[in-house]
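Read the structure below first, then the notes.
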Amino acid sequence: MKAPKENGFRCVVTGGCGFIGSNFISLFLAEYPLAKVLNLDSMTYAAHPQTARHLDSLAPERYQHVRGDIADPQLGELLSRFKPDAVVNFAAETHVDKSILDPSAFVQTNVAGVQNLLTLARKQGNVRFLQVSTDEVYGSLNPDDPTFTESSPLTPSSPYAAAKASGDLFALAAHHTFGQDVVITRCTNNFGPYQYPEKLIPLVIANALEDKPIPIYGDGQQVRDWLHVVDHCRAIALVLATGKSGEVYNVSASEEHANLNIVRGILERVGKPESLIRYVKDRPGHDRRYGLSAAKIRHTLGWSPKLSFEEGLDQTVEWYLQNSGWWRSLRDEAYAAYYQANYAPKVQEQEKPL
Ligand SMILES: NC(=O)c1ccc[n+]([C@@H]2O[C@H](COP(=O)([O-])OP(=O)(O)OC[C@H]3O[C@@H](n4cnc5c(N)ncnc54)[C@H](O)[C@@H]3O)[C@@H](O)[C@H]2O)c1
């Protein structure tokens, strides 16, 4: 594969109007001033038009957003015109609670979509495919278990994690069967700017700032391993440029924290009382602990996180304080109806020559 730093490197990023994809595009355009990015995003509820507009303003001559679904077989024509050197697949349904209520969209995007995108990328010839995956494919750990490595078996618990594991298996099968240039990253829980306020950290910040109750599943002692989104994006860019084809790379800062402690840390930062906490019935099948070893990416590619957990949380709380218009609009019902009417997913190409 052509190196991302080379003139005219062309990268398709899917799901780029979501949380991690938008942070990745910002970082990638800044890090590689000669690269071009086509962001393919179907604009589900998880994508914010304000995020799309922010990306449009970064480097208009090297970036475009096309609304489209990764499961659409007609995408081959778009790829043939763009001629990518790489595809980085962030597009996914990502909310575990939603996957428990109805997993069908998760199968459609996280499994069928990945399979479709792999097939279409392969038809383009020498294209590197990076599948952005999650530690949730490994399932849950007991308190004293060692952390998961890349060779741990896949034992996903939730429908979301099962669909992501399936997408990973299709990606690895494409490498084994067709020799397709595939790399996979599996990262721990992310936090940072532009995260939809359905996920723990932005939900707690938003509810606290609005003096609304903060729901905590079960006893709140579920442990998650946390990484700031920019450190995750740096790992993805590194694996894209230097990862070995057919390999999986875990990404983690080994920052394991119980959910309740995260909530307390946020309440302290925004000066709100713990009386806002409401313990609610636990999520069915709720994984108790996630923990990942990132020894492989640290030792073979030289990645390490730059932001400590505490610094990252300070910056994140500050971002939500400074950008209340961004998250408040997502919680507003009138806005949700407007969004459904105007931005509901439809395949509609808005290409410009790059
Ligand atoms: N958030 C985390 O903590 C975390 C951790 C590890 C891995 N991941 C993985 O990273 C990726 C991005 O996660 P996120 O938190 O940014 O998600 P997100 O929900 O914020 O964004 C997903 C984006 O994908 C788009 N999308 C959904 N279905 C699509 C489709 N069929 N075609 C095109 N676009 C589609 C949405 O419009 C949205 O912009 C996912 O694959 C997720 O599994 C997330």
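Per the working numbering, the very first residue in the sequence shown carries number 258; after that it's consecutive. Don't be surprised by glycine CBs; every beta carbon is placed ideally from N, CA and C. Quick caveat: nothing in here was measured; it's all calculated off a predicted structure.
Report buried or exposed for residue i, applying the criterion of at least 16 other Cβ atoms within 10 angstroms of its Cβ.
i    : result
K262 : exposed
A238 : No answer is possible for residue 238: the residues shown for the chain start at 258 and end at 611.
K203 : This structure cannot speak to residue 203, because the chain is shown only from 258 to 611.
H556 : exposed
S581 : exposed
N518 : exposed
F276 : buried
D488 : buried
L358 : exposed
D354 : exposed
A287 : exposed
D401 : exposed
P416 : buried
Under 7 Å Cβ to Cβ from residue i, same chain only, skipping five residues before and after it: list those, please.
i    : result
D425 : Q388, S390, V394 and I441
K259 : F266 and D342
E531 : R521 and L524
P454 : L460, A463, W584, L587 and R588
K469 : none
K380 : G333
L457 : N516 and I519
H432 : V439, S502 and G503
T414 : It should be noted that the sequence gives Ser, not Thr, for residue 414. Answer for S414: G396, S397, G542 and D544, listed in chain order.
From what residue to what residue does the alpha helix (DSSP H) around residue i run?
i    : result
H514 : No alpha helix (DSSP H) contains H514, which is instead part of the beta strand (DSSP E) from E513 to A515.
S361 : S361 to V364
S384 : First, the amino acid is wrong: residue 384 is Val here, not Ser. Premise fails: V384 is in no alpha helix (DSSP H) and is neither H nor E.
N346 : Premise fails: N346 lies in the beta strand (DSSP E), A343 to N346, not in any alpha helix (DSSP H).
V323 : Note, V323: premise wrong, no alpha helix (DSSP H); beta strand (DSSP E) at Y320 to V323.
V353 : V353 to L358
R267 : Unbroken run through R267 is the beta strand (DSSP E), R267 to T271; no alpha helix (DSSP H).
E255 : Within the shown structure, residues of the chain are numbered from 258 to 611, placing residue 255 beyond reach of any answer.
G582 : S581 to L587
Please list, in chain order, all residues of the same chain as residue i whose beta carbon is under 6 Å from its beta carbon, the five residues on each side excluded.
i    : result
G449 : H485, V486 and T573
E513 : V480, D482 and G548
K609 : Q321
A378 : V344, V384 and F386
K603 : The predicted position of K603 is uncertain, since its pLDDT is 47 and thus under 50; a value taken from the coordinates is nonetheless stated next. None.
N516 : G477 and Q479
P472 : R535 and V537
Q605 : The predicted model places Q605 with a pLDDT of 46, which falls under 50 and marks its position as unreliable; any figure quoted below should be read in that light. Excluding positions up to five away in sequence, the list reads R324.
F339 : L295
R526 : V574
D392 : R443, T445, Y547 and L549
C490 : N280, F281 and L284
A510 : L484 and P562
So residue i is in the beta strand (DSSP E); what residue range does that whole segment cover?
i    : result
K293 : K293 to L297
L315 : Premise fails: L315 is in no beta strand (DSSP E) and is neither H nor E.
A328 : Where A328 is concerned, there is no enclosing beta strand (DSSP E), given that its DSSP letter is neither H nor E.
Can you give me the Cβ contacts of residue i inside the same chain, cut-off strictly under 8 Å, excluding the 5 residues immediately before and after it?
i    : result
G273 : S279, F281, I282, V294, N296, L297, D298, L312, H322 and F347
S561 : R555
L375 : F386, F427, A428, A431, Q437 and V439
Would you say the beta carbon of residue i comes nearer than 7 Å to a heavy atom of ligand 3?
i    : result
N446 : With respect to ligand 3, the structure shown offers nothing to examine, as its ligands consist of ligand 1.
request  = Could you name each continuous beta strand (DSSP E) segment of 3 residues or more that falls completely within the stretch 435-510, going from the start of the chain to the end?
outcome  = 439-444, 446-448, 471-474, 480-485 and 505-508
message = Quick check for students: name the residue ranges of the alpha helix (DSSP H) that lie wholly in the stretch 510-565, counting only runs of 4 or more.
response = List check, alpha helix (DSSP H) in window: 516-527.
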